[in-house]
Amino acid sequence: MFFSKVFVALAAVAVAAASPVAKRAAFCSLVLTPTAAVSSPDLTGEFNYTIGRSLAIAVPSGIIHNGGSTYTDNGDGTYSVATDLSAEGASDGEVTAIITGWAGETLTGLVSDWHVDSVTCA
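Heads up: the sequence shown is residues -18 to -1, 1 to 104, going by mature numbering (1 follows the signal peptide of the UniProt record, and there is no 0).
Here it is as structure tokens:
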């Protein structure tokens, strides 16, 4: 009897642990052009700030989860930035709609403001 209760308890814990409670994220690629000359050798923090801040302003909760950005200098004055983001109280679809809506807009950064040339999200 004791073992059957332990088994039931362990099975319940396993089911609870396997439940999808983790927040997924919107994975997006942006092409950005600085509005001022940038000379920093590492713009990772700049892109994390710029994109994260812009999303935090756009979502009602103001709470975001930024998985971090990676970028490539395209050599033509533009930067390709890949990022994954989610927000408390917003679905991945809502986050994707917000981010894709930035195309053609200018986002505020620390080093420069950034014109969003294009955005794709998966």
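For every residue, glycine included, the Cβ atom is placed at its ideal position computed from N, Cα and C.
One Cα belongs to Ser21, the other to Ser51, and the distance between them is close to 18 Å. With a minimum length of 4 residues, the unbroken runs of alpha helix (DSSP H) contained wholly in the segment 16 to 96 fall at 26 to 40, 74 to 82. In the structure shown, the three-state DSSP call for Ala8 is strand. If you ignore the 5 residues before and after Ser73, its C-beta comes within less than 8 Å of no other C-beta in its own chain. Taking all protein chains shown into account, Ser36 has 16 or more neighbouring C-beta atoms within 10 Å of its C-beta and is therefore buried. Of the candidates Gly49, Thr60, Ala79, Val13, the residue whose Cα lies closest to the Cα of Asp66 is Gly49. The Cβ atoms of Ser11 and Cys103 lie closer than 9 Å to each other. Burial is judged here by how many other beta carbons sit within 10 angstroms of a residue's own beta carbon; Leu89 has at least 16 and is buried. If you draw a 10 Å sphere on the C-beta of Thr78, you find 16 or more other C-beta atoms in it, and that means buried.
The alpha-carbon separation between Ala18 and Thr32 amounts to approximately 14 Å. The beta-carbon distance between Leu14 and Val63, rounded to whole angstroms, is 6 Å. This is short enough to meet the 8 Å contact definition. In this structure, Glu70 is the residue among Glu70, His97, Gly75, Gly86 with its C-alpha nearest to the C-alpha of Ala38.
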